[in-house]
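Take any residue in the sequence shown, count from 1 to its spot, add 36: that is its number in UniProt numbering. Built from N, CA and C at the ideal position, the CB exists for glycine as well. Remember, predicted model here, so these are calculated numbers, not experimental data.
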Amino acid sequence: KENGEQFTFQTEVNKLMNIIINSLYSKKEIFLRELISNASDALDKIRFLALTNSSLLGEGDLAQLDIRISIDKENRVLTIRDKGVGMTKEELIKNLGTIAQSGTKEFIQKLSDANDAKSSSNLIGQFGVGFYSLFLVADSVVVRSKSNDDDQYIWTSDSQSSFTITKDPNGNTIGRGTQIDLHIKEDSLEYLDQTKVRDLIKTYSQFINFPIYLLTSREIEVPKEVEETAETEKPTEEPTEKTTEDVDIKEEGEEEESTKPEEPTTEKKTVTEWEEINDSQPIWMKQPKDLEVQEYYEFFKTLTGATEEPLCYAHFAAQGDVEFKSLLYIPPEPPANMFDLDAMTSHLKLYVRRVFITDNLKDLVPNWLRFLQGIIDCEDLPLNVSREMLQKNKILELIKKKIIRKFISMVEDIATPKSNDEIADEQEEQEEEQEEKVPDHPTIEYMNFFKKFGTNLKIGLIEDSSSKKRLTKLVMFPSNKAEYTTFDQYIKRMKEGQDQIYFIAGKSKDSVETSPLIEQAIKRGYEVLYMVDPIDEYVVPQLTKYEKYPLTNLAREGVKFPDEKEEDVESTKQVTQEFKPLTDYLGKVLADKVEKVVISKVLADSPSVLVANSWGITANMERIMKAQSQ
Ligand code: ADP
Ligand code: MG
37 KENGEQFTFQ
47 TEVNKLMNII
57 INSLYSKKEI
67 FLRELISNAS
77 DALDKIRFLA
87 LTNSSLLGEG
97 DLAQLDIRIS
107 IDKENRVLTI
117 RDKGVGMTKE
127 ELIKNLGTIA
137 QSGTKEFIQK
147 LSDANDAKSS
157 SNLIGQFGVG
167 FYSLFLVADS
177 VVVRSKSNDD
187 DQYIWTSDSQ
197 SSFTITKDPN
207 GNTIGRGTQI
217 DLHIKEDSLE
227 YLDQTKVRDL
237 IKTYSQFINF
247 PIYLLTSREI
257 EVPKEVEETA
267 ETEKPTEEPT
277 EKTTEDVDIK
287 EEGEEEESTK
297 PEEPTTEKKT
307 VTEWEEINDS
317 QPIWMKQPKD
327 LEVQEYYEFF
337 KTLTGATEEP
347 LCYAHFAAQG
357 DVEFKSLLYI
367 PPEPPANMFD
377 LDAMTSHLKL
387 YVRRVFITDN
397 LKDLVPNWLR
407 FLQGIIDCED
417 LPLNVSREML
427 QKNKILELIK
437 KKIIRKFISM
447 VEDIATPKSN
457 DEIADEQEEQ
467 EEEQEEKVPD
477 HPTIEYMNFF
487 KKFGTNLKIG
497 LIEDSSSKKR
507 LTKLVMFPSN
517 KAEYTTFDQY
527 IKRMKEGQDQ
537 IYFIAGKSKD
547 SVETSPLIEQ
557 AIKRGYEVLY
567 MVDPIDEYVV
577 PQLTKYEKYP
587 LTNLAREGVK
597 FPDEKEEDVE
607 STKQVTQEFK
617 PLTDYLGKVL
627 ADKVEKVVIS
637 KVLADSPSVL
647 VANSWGITAN
657 MERIMKAQSQ
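Okay, here's the thing in structure tokens:
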């Protein structure tokens, strides 16, 4: 150790550490979740590599991929050990000394800008703080890591802006993987309590797909006769692996013994054993009927680091041309960079027969569904498929189609909640056209959903012709009669004899609400949709009609209302004729300012109006649309 090389942390690392220490001191316990999640990632990686070369897994115990946590109260050390990929010397320096991802750098900047505890803890929830959170509870740390590609190295730090790297003088003692020894701070000794640690693992890491063992000790009564049995002695170095059952049998044996006529001479012994804490069967492999809503929520939190519950989820098995299981979530909030296509890829994790493959697949869902979170576990893909090959795999196309369909039916469920028996025989494939009851107004849940993800639905409507019909039913617009309305709700409120759907386009609800162009329509009692979302400019050309009703733009010339009488039309003609000299004159005077001057009957009370012939295209929307269709 004396001749270890000394390194300084990248400045961003120091910043991150400061932020963690300052904003998470009341949530110290998350360090364990972070370290376990790193261990699990490392195990995923070796399992993935071993798909093409099984010898990389090693032999015997080493091939049993798991996470082991042990406590040394006397020396105040908490140890987390995994048999994952491990890190080479170079990787130790890079991964534990610098921040590589630009996303994390950005996050640090945002965090330094966030001044209140709530917004920073939300941000932290979104990103996950990672390895350095261990300094919340430890004043120093020793990391031993052994990669298949290098010897075992020791990385140590006491967080004072530097760390050291030493080749382990004891050799490659851990075989493969990483062992992290935390020297627990005076004020965090509770994390040396096995009950506390067990509870933490249960709370935060119950869904980790590798077994997590905690080395626990407990006192049992044993008869003096078996005193010399090796198993009941305090373990010296490597504790013997025993299941709880072994111990139980011994206790039963003890009862038998105590029936002997001799004096029941028992004594207390400490048994140390590896106790499996989590249930490492993946949640998505279970039957939905065996799972509680709360478990789905907890899994979402473990998966994403979110602190809030998802808006909704769907757990389903697809069969037929492609077989996979999936657990999909709509997150509580859209990701901050939802339309920044460079920064954000899909949030879905792809597994092949329980083996994690990637969470960075561009084509698993269309761009407009990138906010979806969850997992897809496919039975049909070859395990040794490379990530590059995956990009253009036909099976992925099929998966994508099914995910889109499932997503839409999730949204339909929010819009019109089903009754229980409808849910029971949910058969996605048979999309029967049922006579649905149209509610007068959207549900609160749907409003909430739509405010967050409505733009995505509209992009889907534009982009995906096979989903257009279902998505058109789901999109909403504000109107003079409703905060938001679907087309069906609009039709339900239509006036007797109304044969068109009226709308007005503009930059904001405020700007169109007071527009003279809608005066006539509103005076006559018609409902007017406000197309004021920048994306609407692209939606409207897709929707010339809804059912049998054409969509009519009130800014257009020559709008005729069904309740207009013939003589009105005549009189308009007359007036137009009469005022032709005036309109011609104004047209000349204003030639470089307006396109044309016409007599209009859309106005009820205003004398004149300047009509813009379209939305103000925002540069931003233009960019989004361009990017979407790439
Ligand atoms: P993240 O997990 O988001 O990448 P962390 O700060 O948690 O960020 O970890 C930083 C990096 O250190 C990881 O990306 C990984 O490369 C490496 N690392 C951390 N813990 C382990 C481990 N137990 N085994 C192998 N590599 C690890
Ligand atoms: Mg991590």
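- Within 10 angstroms of the beta-carbon of glycine 122 lie 16 or more other beta-carbons, which makes it buried.
- Counting only runs of 3+ residues, the beta strand (DSSP E) found wholly inside the UniProt domain "Histidine kinase/HSP90-like ATPase" (63-207) occupies 103-108, 113-118, 174-182, 189-193 and 198-203, in chain order.
- Within the segment 334-412, complete beta strand (DSSP E) segments of at least 3 residues are found at 348-354, 360-366, 383-388 and 391-394, given in chain order.
- Here the alpha carbons of glycine 120 and isoleucine 527 stand approximately 59 angstroms from one another.
- One alpha carbon belongs to serine 198, the other to isoleucine 129, and they sit about 11 angstroms apart.
- Here lysine 509 is buried. Its C-beta has 16 or more other C-beta atoms within 10 Å.
- Not one heavy atom of the ligand ADP is found less than 7 angstroms from the C-beta of threonine 340.
- Taking C-beta separations shorter than 6 angstroms and ignoring five residues to either side along the sequence, the partners of isoleucine 554 in its chain run Ile540, Val564 and Leu590, following chain order.
- Residue pairing for histidine 219: DSSP places it in a beta bridge opposite Val113 and Ser176.
- Distance from leucine 400 to leucine 384 at the Cβ level is roughly 5 angstroms; contact confirmed, criterion being Cβ atoms closer than 8 angstroms.
- In the three-state reduction of the DSSP assignment, leucine 327 falls in the coil class, being assigned neither a helical nor a strand state.
- By the C-beta criterion, the segment 200-207 is judged not to be in contact with the segment 300-313, since fewer than 3 inter-stretch pairs fall below 8 angstroms.
- Looking at Thr340, Ser503 and Gly490, the one whose alpha-carbon comes closest to that of threonine 521 is Gly490.
- In terms of CA proximity to isoleucine 558, Phe597 leads the group Phe597, Arg389, Tyr574 and Lys545.
- Shortest gap from the CB of tyrosine 240 to any heavy atom of the ligand ADP: 7 angstroms or more.
- Residue Gln323 holds the alpha-carbon nearest to the alpha-carbon of histidine 351 among Asp80, Gln323, Asn373 and Ala372.
- In terms of Cβ geometry, phenylalanine 443 and leucine 405 form a close pair [threshold 8 angstroms].
- Just measuring C-alpha positions, the residue of Thr209, Gln536, Tyr332 and Lys109 sitting nearest glutamine 230 is Lys109.
- When beta bridges are read from the DSSP output, serine 253 appears opposite Thr308.
- Boundaries of the alpha helix (DSSP H) harbouring asparagine 50: 47-59, taken from the DSSP string.
- Distances from the CB of glycine 166 to the heavy atoms of the ligand MG include at least one below 7 angstroms.
- Three or more Cβ pairs closer than 8 angstroms define a contact, and the segment 207-220 meets that threshold against the segment 68-78.
- DSSP places asparagine 429 in no beta strand (DSSP E); its state is neither H nor E.
- Pairing isoleucine 319 with phenylalanine 335 gives a Cβ-Cβ distance under 8 angstroms.
- Placement of the Cβ of glycine 120 at a distance of less than 7 angstroms from at least one heavy atom of the ligand ADP is found.
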